[in-house]
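Worksheet for the structure shown next.
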Amino acid sequence: MELNILRRMCTRYFQVVKSHGHFSIQVNLQQRRNPLLGIPVRCLSTSNVCHEQTGRTGKTNRRFQLPRQVEIFLFVFSVVGFGYSYYYIQKKIREKQLELVKQSAVEEQPVLIGGDWELVNQDGKLVSNKDFVGKWCIVYFGFTHCPDICPDEIEKIIEVTDILERTPGMPKMIPMFVTVDPDRDSPEIVKQYLEEFSPKMVGLTGTWDQLKVILREFKVYFSKGPVDEDGDYIVDHSIITFLMDPEGRYAAHFPRSKTNIDIATAIEKKVKLYKPPSSRH
Ligand code: NI
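Throughout, the numbering used here is defined as the position within the sequence shown, counted from one, plus 88.
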């Protein structure tokens, strides 16, 4: 936008110089004959200045003529002005190009979320990230004793997968629940809990050592609260849903504020933009 304004200003500037300032380029010396004296006079001629003309009355009309110093000044001013404008435009173009290069470099930088992990699913079977290669996964971290937020988020994720299943051309999504409370969330408990929502959801738990790996890879915050008289406690945790592409790479994340429609729309866009490794250079 800025460059366009500058270009227009420059064009206008040179139009002005062109219409008023022939003197800047066409300063030359000509021999002219003085009609009154009949002798040749040496004069400075410009295209818009005719020094001496004879009218009907035979009188000599002297038209406006710029002093030579002013002409030289305007000439120098034009050259400097042009030079500066050109420099400024080039500088702006370079800055814009640099910005674009930086932007593309940032976009190409891999996001450091996700990685290799090994956990136990709700059927007690050992699974790893490799079992989900070739599938789009929607990953959520929480715990089965969560009073309200986790149930709402899990419900939302199931709705997202339902929406996408009804969308033509969309691949099947694997909704995934990973516990941040393995002390209580055994495979059986996780299975029982997820059955209340949908059989589509994969539940993952494991030992603390196994879970610490995936929690670190996804940069999930979690903190166990104080235990009450009944032995119950809350685990404070980050509420973020991750979208992982068929290569197990991070594709997007969605905070709690996003609706099922927001998430489904964003996932649809990501899926459409995704290029499998075979079609990449
Ligand atoms: Ni929760």
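Note that beta-carbon positions come from the ideal geometry of N, C-alpha and C, so glycine has one too.
Classification of residue i by the beta-carbon crowding that lies within 10 angstroms, buried from 16 upward
| i | result |
| --- | --- |
| Tyr-228 | buried |
| Trp-296 | exposed |
| Leu-252 | buried |
| Val-221 | exposed |
| Lys-244 | buried |
| Leu-361 | exposed |
| Gln-210 | buried |
| His-325 | buried |
| Pro-275 | buried |
| Leu-292 | buried |
| Pro-364 | exposed |
| Gly-230 | buried |
| Leu-214 | exposed |
| Val-315 | exposed |
| Glu-183 | exposed |
| Pro-235 | exposed |
| Glu-159 | buried |
| Val-266 | buried |
Reduced DSSP category for residue i - H, G, I as helix; E, B as strand; rest coil
| i | result |
| --- | --- |
| Pro-239 | helix |
| Phe-306 | coil |
| Leu-292 | strand |
| Phe-102 | Here the model assigns Phe-102 a pLDDT of 49, short of 50, so the residue's position is not dependable and the matter cannot be decided. |
| Val-266 | strand |
| Pro-259 | coil |
| Pro-364 | coil |
| Ser-166 | helix |
| Leu-186 | helix |
| Leu-299 | helix |
| Ile-355 | helix |
| Arg-374 | Residue 374 lies beyond the range of the chain shown here (89 to 369); nothing can be said about it. |
| Asp-350 | helix |
| Val-199 | coil |
Strand pairing of residue i, partner residues [DSSP]
| i | result |
| --- | --- |
| Lys-312 | Val-323 |
| Glu-206 | Ser-216 |
| Tyr-338 | Met-332 |
| Pro-155 | Pro-155 is not bridged to any residue. |
| Pro-343 | Ile-328 |
Proximity test, residue i beta-carbon vs the ligand MN heavy atom, cut-off 7 Å
| i | result |
| --- | --- |
| His-341 | This structure does not include the ligand MN; its bound ligands are the ligand NI. |
Within 8 Å, strictly: CB atoms of residue i and residue j
| i | j | result |
| --- | --- | --- |
| Lys-307 | Ile-226 | no |
| Phe-330 | Val-268 | no |
| Ile-277 | Pro-263 | no |
| Met-258 | Glu-356 | yes |
| Ile-328 | Pro-343 | yes |
| Trp-87 | Ile-302 | Outside the displayed range of the chain (89 to 369) lies residue 87, so it cannot be described from this structure. |
| Gln-280 | Leu-207 | no |
| Glu-317 | Gly-203 | no |
| Val-199 | Tyr-338 | yes |
| Ala-340 | Lys-312 | no |
| Asn-217 | Gly-336 | yes |
| Thr-232 | Asp-273 | yes |
| Trp-224 | Asp-333 | yes |
| Phe-285 | Ile-237 | no |
Residue span of the beta strand (DSSP E) that contains residue i, given as start and end
| i | result |
| --- | --- |
| Lys-329 | Residue identity check: residue 329 is Thr in the sequence provided, not Lys. 328-332 is the extent of the beta strand (DSSP E) around Thr-329. |
| Tyr-228 | 224-230 |
Range of the contiguous alpha helix (DSSP H) that encloses residue i
| i | result |
| --- | --- |
| Lys-279 | 275-283 |
Contact with chain C by residue i, beta-carbon distance below 8 Å
| i | result |
| --- | --- |
| Tyr-281 | Protein chains in the displayed structure number just one, and chain C is not present. |
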